[in-house]
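Here the structure comes first, spelled out in structure tokens, and everything after it is commentary.
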Amino acid sequence: MREYRVGIIGFGMIGKVHAYGYAALPFTSDPVPLRARMVRVATSRPETAQQAAQLLGCEGVTDFRQITEAPDIDIVHICTPNHLHREALLSAIVHNKHIYCDKPLVANWPEAEQILAALPGYRAIGQMTFHNRFFPATMRAKQLMEEGRLGRILQFRALYLHSSCARPETPLRWKQSAQAGGGVTADLASHLVDLVWYLLGDFQEVFAHPQIAFPERPAPDDPKRMLPVDAEEAVWILARMRNGAEGLIEASKLATGAEDELRLEIHGTDGAIRFSLMDPHHLGFYDATGPEQPCGGQRGWTLIDCGHRYPAPATEFPARKAAIGWQRAHGECLANFLRGVASGQPVQPDLVQGIYVQHLVDRVLQSANTGQWTPIRPRQEFESAAGGFQILAASSPRTPQT
Numbered sequence: 005m006r007e008y009r010v011g012i013i014g015f016g017m018i019g020k021v022h023a024y025g026y027a028a029l030p031f032t033s034d035p036v037p038l039r040a041r042m043v044r045v046a047t048s049r050p051e052t053a054q055q056a057a058q059l060l061g062c063e064g065v066t067d068f069r070q071i072t073e074a075p076d077i078d079i080v081h082i083c084t085p086n087h088l089h090r091e092a093l094l095s096a097i098v099h100n101k102h103i104y105c106d107k108p109l110v111a112n113w114p115e116a117e118q119i120l121a122a123l124p125g126y127r128a129i130g131q132m133t134f135h136n137r138f139f140p141a142t143m144r145a146k147q148l149m150e151e152g153r154l155g156r157i158l159q160f161r162a163l164y165l166h167s168s169c170a171r172p173e174t175p176l177r178w179k180q181s182a183q184a185g186g187g188v189t190a191d192l193a194s195h196l197v198d199l200v201w202y203l204l205g206d207f208q209e210v211f212a213h214p215q216i217a218f219p220e221r222p223a224p225d226d227p228k229r230m231l232p233v234d235a236e237e238a239v240w241i242l243a244r245m246r247n248g249a250e251g252l253i254e255a256s257k258l259a260t261g262a263e264d265e266l267r268l269e270i271h272g273t274d275g276a277i278r279f280s281l282m283d284p285h286h287l288g289f290y291d292a293t294g295p296e297q298p299c300g301g302q303r304g305w306t307l308i309d310c311g312h313r314y315p316a317p318a319t320e321f322p323a324r325k326a327a328i329g330w331q332r333a334h335g336e337c338l339a340n341f342l343r344g345v346a347s348g349q350p351v352q353p354d355l356v357q358g359i360y361v362q363h364l365v366d367r368v369l370q371s372a373n374t375g376q377w378t379p380i381r382p383r384q385e386f387e388s389a390a391g392g393f394q395i396l397a398a399s400s401p402r403t404p405q406t
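When you read off a place in the sequence shown, starting at 1, and then add 4, the result is the number in this note's numbering.
Shown next as structure tokens:
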């Protein structure tokens, strides 16, 4: 088996998550998608680069080009803050590296247009880290949707709630900075719009309302110095889909009491589904076609035990009945990318999906500024502009077991 050489750019929390995925692969995939070796990790400071290098057993550097332009690197992971993605992406694309990029793709729409312009000449595999697609429960939801078990889709609601900004003394960091590509729309709502698209297809138009609860926050290096907050801390998005469904998308970092609460409900004429990241083991399914007599018949919500029931070549480690966690979905998202690298076949969610989600983020922010409904371009337009780069259907490349 060929050995693929890996470089990681950025080694904060998400960089560690990506690296952990490689360490877990022998347990979660049988056979492993490919043989990989960590070669280089890049961070912004020599001391953090050295710490990361010691942990991974590889070389530490401070210039990302020693990864994106290096002949001895095959796979590039981009795990830096949003505003640092663009240069690394363009360099990796020009050098035809396989790219695994954390969301969102870049900091703003003009940067996304630059990435789109570079894709027609790209000859490698690229994937976004939209890991919420990769729970067995959300994969099972996709399967039920494709089987038509919900009938005509009428409405949906998708929420992603955090509490990290609910206190005024919380310092202003890059995720609360518009210049750095921060704000809750890019950080949390990007996951929601990708998941809604994965299940329901293209958006038609959006109407958004943002909230900034605390116009000033303490500087991270000096609590007495106050800085202006220019990125939204919560957003509500009304959405109309091209299939006729309408719904509400809410992302907030002001939800006191919330940990990492992603919730999704979809309602159709024949049934409904619901999912919560706080209970990722289960998918709720309601069959509205079942008999309701006598005395309720067989109507009611069913909890489907999805757990670790991934299809091969993923394993059900540690056990199909064991409660599943956030890290496993990240690991399966990575494995999906690596299977594409090994096979040479394009994967979803690809870099075009990253551009489409960036377009949605941009239009949400535009609607928030204008107070108007804002149209959304079809994803097909971005596929065409990319010159046919990695076009796949919205469905998962593998069908989950039931």
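Beta carbons: idealized from backbone N, C-alpha and C, even for Gly. Since this is a predicted model, take the numbers as computed values, not measurements.
| Query | Result |
| --- | --- |
| Just list the residues that DSSP pairs G251 with in beta bridges. | F160 and A243 |
| Looking only at its chain, what residues have a beta carbon closer than 7 Å to the beta carbon of A318, apart from the 5 residues adjacent to it on each side? | T32, S33, E336 and A339 |
| Cα separation between M149 and A116? | 30 Å |
| Can you give the Cα-Cα distance for L281 and A333, rounded to whole angstroms? | 11 Å |
| For the beta strand (DSSP E) containing T306, list its first residue and its last residue. | W305 to D309 |
| Here's a check: name, in chain order, each residue in its chain whose Cβ is nearer than 8 Å to the Cβ of G3, leaving out the five neighbours to either side. | Outside the displayed span of the chain (5 to 406) sits residue 3, for which this structure offers no information. |
| So, is T189 buried or exposed, given that buried needs 16 or more other C-beta atoms within 10 angstroms? | buried |
| Measuring straight from C-alpha to C-alpha, what distance separates V351 and C169? | 35 Å |
| Which value, in whole angstroms, describes the spacing of the CA atoms of A249 and E91? | 38 Å |
| Quick one: using the 10 Å Cβ neighbour count with 16 as the cut-off for buried, is D309 buried or exposed? | exposed |
| So, are the CB atoms of K257 and E236 less than 7 Å apart? | no |
| Name the DSSP beta bridge partners of I12, please? | V45 and H81 |
| Tell me the start and end of each unbroken beta strand (DSSP E) in the segment 196-224 that is at least 3 residues and wholly inside, in chain order. | 207-215 and 220-223 |
| Closer than 7 Å by C-beta to R177: which residues in its own chain qualify, once you throw out the five before and the five after it? Chain order, please. | P224 |
| Report yes or no: do three or more beta-carbon pairs, one from the segment 14-24 and one from the segment 82-100, lie closer than 8 Å? | yes |
| From R6 to P37, what distance separates their C-alpha atoms? | 11 Å |
| How is I380 classed by DSSP in three states: helix, strand or coil? | coil |
| Assuming contact is defined by CB atoms lying nearer than 7 Å, are C105 and M143 in contact in what I supplied? | no |
| Using the C-alpha atoms, what's the distance from S95 back to V10? | 16 Å |
| Can you say whether T47 is buried or exposed, counting buried as having 16 or more other CB atoms within 10 angstroms of its CB? | buried |
| Note down the Cα distance separating L123 from R303, rounded to an integer number of angstroms. | 49 Å |
| Name, in chain order, the residues that DSSP records as bridge partners for Y104. | H81 and Q131 |
| Give me the residue from I270, P295, W330 and G301 with the minimum Cα distance to H285. | W330 |
| For T306, collect the residues of the same chain with a Cβ closer than 8 Å to its Cβ; drop the 5 residues on either side in sequence, then sort them by chain order. | G288, F289, Y290 and D291 |
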